[in-house]
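Numbering (this note's numbering), first residue to last: 7 to 647.
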C-alpha cells in the first residue's frame, strides 16, 4: 500500500498531511475534480484513511459523500473501499463514522490480487469487511459491523466465509477469540455458516483438516462436544460426526486425511473423535472384511498360478523343432478336450472374471479419486492400483492370444504372474508389523531407485560408448563382448554388478587405456554409485521407520474407507449413536468417548449442572438412554489402533 502515498497532486497532498483546511478549500473550488484518482485508482478518501488523516476524512465525507463506497479499480487493489482501509488500520472511530454515513458492508469486496492467495499476495483477508475485521481480531469493529447487518454467510470468490478465513489464520488465540465472539453474537447464523462449503467443497472444519491445522481442528471439534454425564473426574462426551464420518459423504474429514499429501494432516489421526471412530470401524467390520479380502485374493492368485502352470501345450512336430523350443501352444480347439482341461477351464474363468472385476473397480476408483491422488499417494495404495490395472489388461491380452493360438501368450502370462504376486504385498498394510514395509518399498522403488537410475543411465551411456570406441580398433574375435553397442552395454552392466571381470584375454595384448578406463569405471560405478544407492535406501528406511506408527494408521484409515465403499451394505453398519436416541438432532450421528477431566472433584456438582443445561436433557432421557450408552463402552474408550 506504500505506493498509494506517493501522489503529489494538491488534493492528495492535503489528504496525506491531514490538512483539513486546505482540503476544504480545494473541495469548494470549482477548478479541482474531487473524484480525481491517483496512480493506483485510489480516491482522496482512500489516501486520507491510509494516513490516519481523520479530520480530512470527515471533511471529504461531508463535502463529497459519494466517495464513501467508491472502490479502487487497479488490478492489485480492485474492490478495496475506504471501509476496508479503516478496518485494516483498526481505526474504530473512522469505521463507526463510515458506517453511520452509509458505508456498504454487504456488497463491498476487495478482490484484487493483493488480497487473494498468489504470488503478489502477502495475506488473505476474505474480501468482505467482516472478514477483514475478523483477520485483525478487533472485537469492537466486529461488533459495529454485525450491528450494521454485515452478513457472516457472505462467501468470497474462493467460496470462503468469515469462518473459513478464521481457520486459515496463523494466530490461533486470536482466531479462537473471534470465532467465539461471532458464534455468541449470531449463534443460529453461525451454525448455518459452519455448514457452508467453499469452492473446493470444504466446510470450516474440513478446511482445518485439509490444511493440517490440528489445533484449530481440535478447537472446532471441542466446540461441538457435549458432555453427556460426569462421574468424578470422568466425563462421557458426545462428539458430532457430521463432516467427519465418511458415511454418505464423499469428501469427509476421513477422506481428506487419507488423500492429503500434507504430512501435518496425519497428526489429525490422534485427535478425538477421529481416533475413536477409526478404532471402532476397524474392529467392527474393517479387520474381518480385510482378512476375507486378503484370503480371497491369495486363493485367486493361486488358482491363476495353477491354471498357468497347466496351460495347454503339446510337443513340436519333428520337422518344426529347433534346439530350444520343444513345446508349443495348443490350438483353441484342442485345448479343451479332456476332463482335466475343463477343470483348468474353471480356473481360467475365475481368473478372467476376477480380472474384469479388478479392472472396473479400479477404473471407478480412479474416477472418484482423480489422477493425482490415484497415482501418487502411498497411503491409499501408491503404485498397487496401477499394477492391478496392468494385471487386468495383461489377462485380457492372454485371452486374446489364447483365442488366436499365438505362442507369445507365455510372455503376457509371465508378466501377469509377476504383477499378481507382487500385488500381494499390498495386503501387508493390514498388519502393524508389516504395514510400514509397503510404503518403504514404494518409496525406494519410485523415488530412490528412479533418481539413481536417471544418473546411472547417463553414466552408463558415457562409459559404454568409451569401451565400444576403443574396442573398435581391436580384433573383435578376441573380444566378442564388445562386438556391437548392445553387447558393450550388457558387458558394462555385468561389470557394474560385479558378475564378471574385464573380458580381456590374458594372452592377447590390449591397449593400456582400456585398463585405465576400466579402473575409473569400477571406482566411479561400483564403489561410488552403488554406495550412494545404499545410503539413499538406508535414509529412506530410517525416515519411514520414524513415522511407521502414523503411516500405518493412515493406511488403515484408507483401507477402512475402501472397504466401506466396496463391501455390500448388509455386511456393514454405521458407527456411532443416532442423535434421536440421545435427545439431540435426529439427523445427526454421534460417538461417545470417556475422558478424564483435569478439574478437581469438588467442582463436580457445578460441571454436572452445566452439562444438563448444555445438552438440554432431563434425567428421564438420561435413564432411558443409559443402557444404550453402556453398550458402547467397548468401543468408545480412547484406544489406539
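Glycine residues also receive a C-beta, built at the ideal position from the N, C-alpha and C atoms.
Where the beta strand (DSSP E) containing residue 597 begins and where it ends:
Residues 595 to 602.
Under the rule that 16 or more other beta-carbon atoms within 10 Å means buried, what is residue 113, buried or exposed?
Exposure of residue 113 is indicated by the presence of fewer than 16 other C-beta atoms within 10 angstroms of its C-beta.
From which residue to which residue does the beta strand (DSSP E) around residue 477 run?
Where residue 477 is concerned, there is no enclosing beta strand (DSSP E), although the alpha helix (DSSP H) it sits in stretches over 455 to 477.
Using a threshold of 8 Å, state whether the C-beta atoms of residue 498 and residue 473 are closer than that.
Yes. Within cutoff.
CA-CA distance, residue 364 and residue 372?
Residue 364 and residue 372: Cα-Cα distance of roughly 12 Å.
Quick one: residues in its chain with C-beta nearer than 8 Å to the C-beta of residue 96, no 5 flanking neighbours on either side, listed in chain order?
Correct list, in chain order: 142, 144 and 147.
Sorted by chain position, which residues of the same chain lie with C-beta nearer than 6 Å to residue 33's C-beta, five sequence neighbours on each side aside?
40 and 69.
Residue 551 versus residue 557 - alpha carbon distance:
Their Cα atoms are separated by approximately 9 Å.
At the 8 Å Cβ level, is residue 435 part of the contact set with chain C, yes or no?
Chain labels in this structure do not include chain C; a single protein chain is all it has.
Jot down the residue ranges of each uninterrupted alpha helix (DSSP H) in the region 484 to 527, minimum 4 residues, whole runs only, in chain order.
For the region 484 to 527, whole alpha helix (DSSP H) runs of length 4 or above, ordered along the chain, are 491 to 502 and 518 to 527.
N- and C-terminal bounds of the beta strand (DSSP E) containing residue 393
Segment 390 to 410 is the alpha helix (DSSP H) holding residue 393; no beta strand (DSSP E) there.
Are there three or more Cβ pairs, one per stretch, closer than 8 Å when the region 437 to 453 is compared with the region 403 to 412?
Contact between the region 437 to 453 and the region 403 to 412 is absent, because fewer than three Cβ pairs lie under 8 Å.
Residues that residue 651 bridges to, as DSSP identifies them
Residue 651 lies beyond the stretch modelled for the chain, which goes from 7 to 647, so this question has no answer here.
In terms of residues, what are the limits of the beta strand (DSSP E) holding residue 306?
First-last for residue 306: 293 to 315, but that is the alpha helix (DSSP H), not the beta strand (DSSP E).
Grab me the residues of residue 606's own chain with a C-beta within less than 7 Å of its C-beta, minus the 5 sequence neighbours each way, in chain order.
Reliability of the predicted coordinates at residue 606 is poor, the pLDDT of 37 falling under 50, and the value obtained from them is presented with this limitation in mind. Correct list: empty, nothing qualifies.
Pair every Cβ in the region 52 to 61 with every Cβ in the region 21 to 30, then say whether three or more of these pairs are closer than 8 Å.
Under the Cβ criterion (8 Å, minimum of three pairs), the region 52 to 61 counts as touching the region 21 to 30.
Taking only the alpha-carbon atoms, compute the straight-line gap between residue 213 and residue 170 and give it to the nearest angstrom.
Cα atoms of residue 213 and residue 170: separation of roughly 7 Å, rounded to the nearest angstrom.
Closer than 6 Å by C-beta to residue 130: which residues in its own chain qualify, once you throw out the five before and the five after it? Chain order, please.
Around residue 130, the same chain offers 123 as residues with beta carbons nearer than 6 Å, after the five sequence neighbours per side are excluded.
Look at the alpha carbon of residue 283 and the alpha carbon of residue 432, and state the distance between them as a whole number of angstroms.
Roughly 24 Å between the two C-alpha positions.
N- and C-terminal bounds of the beta strand (DSSP E) containing residue 5
What is shown of the chain runs 7 to 647, which leaves residue 5 out entirely.
Does the pairing of the region 247 to 264 with the region 526 to 543 give three or more beta-carbon distances under 8 Å?
When C-beta atoms of the region 247 to 264 are compared with those of the region 526 to 543, fewer than three pairs fall below 8 Å, so the two segments do not count as touching.
Local conformation of residue 196 per DSSP, three classes
Note: residue 196 maps to helix in three-state DSSP.
If you count every other CB in all the chains shown that lies within 10 Å of the CB of residue 234, and 16 or more means buried, which is it?
In the assembly as shown, residue 234 is a buried residue. Its beta-carbon has 16 or more other beta-carbons within 10 Å.
Along the alpha helix (DSSP H) that carries residue 547, what are the first and last residues, could you check?
Its alpha helix (DSSP H) spans residues 536 to 552.
Which residue from 44, 349, 109 and 110 puts its Cα closest to that of residue 83?
Taking only the C-alpha atoms, the option nearest residue 83 is 44.
Are residue 469 and residue 527 close, meaning C-beta to C-beta below 8 Å?
With a cutoff of 8 Å on beta-carbon distance, residue 469 and residue 527 are scored as near each other.
Whole-number beta carbon distance between residue 564 and residue 264, since they are thought to touch under 8 Å:
Rounded, the Cβ-Cβ distance is 4 Å, consistent with contact.
Do residue 600 and residue 245 have their beta-carbon atoms positioned less than 8 Å apart in this structure?
Judged by beta-carbon spacing, residue 600 lies beyond the 8 Å limit of residue 245, meaning their Cβ atoms are not closer than that value.
Since residue 313 and residue 354 should fall inside the 8 Å C-beta cutoff, what is the C-beta to C-beta distance between them, to a whole number of angstroms?
In this structure residue 313 touches residue 354 by the C-beta definition: roughly 5 Å separates them, less than 8 Å.
Starting from residue 241 and walking both ways along the beta strand (DSSP E), at which residues does that stretch end?
Segment 240 to 246, the beta strand (DSSP E) holding residue 241.
Counting pairs of beta carbons, one from the region 290 to 297 and one from the region 569 to 576, are three or more of them closer than 8 Å?
When Cβ pairs closer than 8 Å are counted between the two stretches, the region 290 to 297 is seen to touch the region 569 to 576, the count reaching three or more.
Out of curiosity, what's the CA-to-CA distance linking residue 262 and residue 322?
Going by the C-alpha atoms only, they are around 58 Å apart.
Can you say whether residue 272 is buried or exposed, counting buried as having 16 or more other CB atoms within 10 angstroms of its CB?
With 16 or more neighbouring CB atoms inside 10 Å of its own CB, residue 272 falls in the buried class.
Return helix, strand or coil for residue 320, following the three-state DSSP convention.
Look at residue 320 here: in three-state DSSP terms it is strand.
Enumerate, from N- to C-terminal direction, the unbroken alpha helix (DSSP H) stretches of 4 or more residues contained entirely within the region 550 to 577.
Positions of the alpha helix (DSSP H) runs, each at least 4 residues long and wholly inside the region 550 to 577, are given as 554 to 572 in order along the chain.
Suppose contacts are defined by Cβ-Cβ distances below 8 Å. Is residue 486 in contact with residue 448 by that definition?
For residue 486 and residue 448, no; Cβs fall outside 8 Å.
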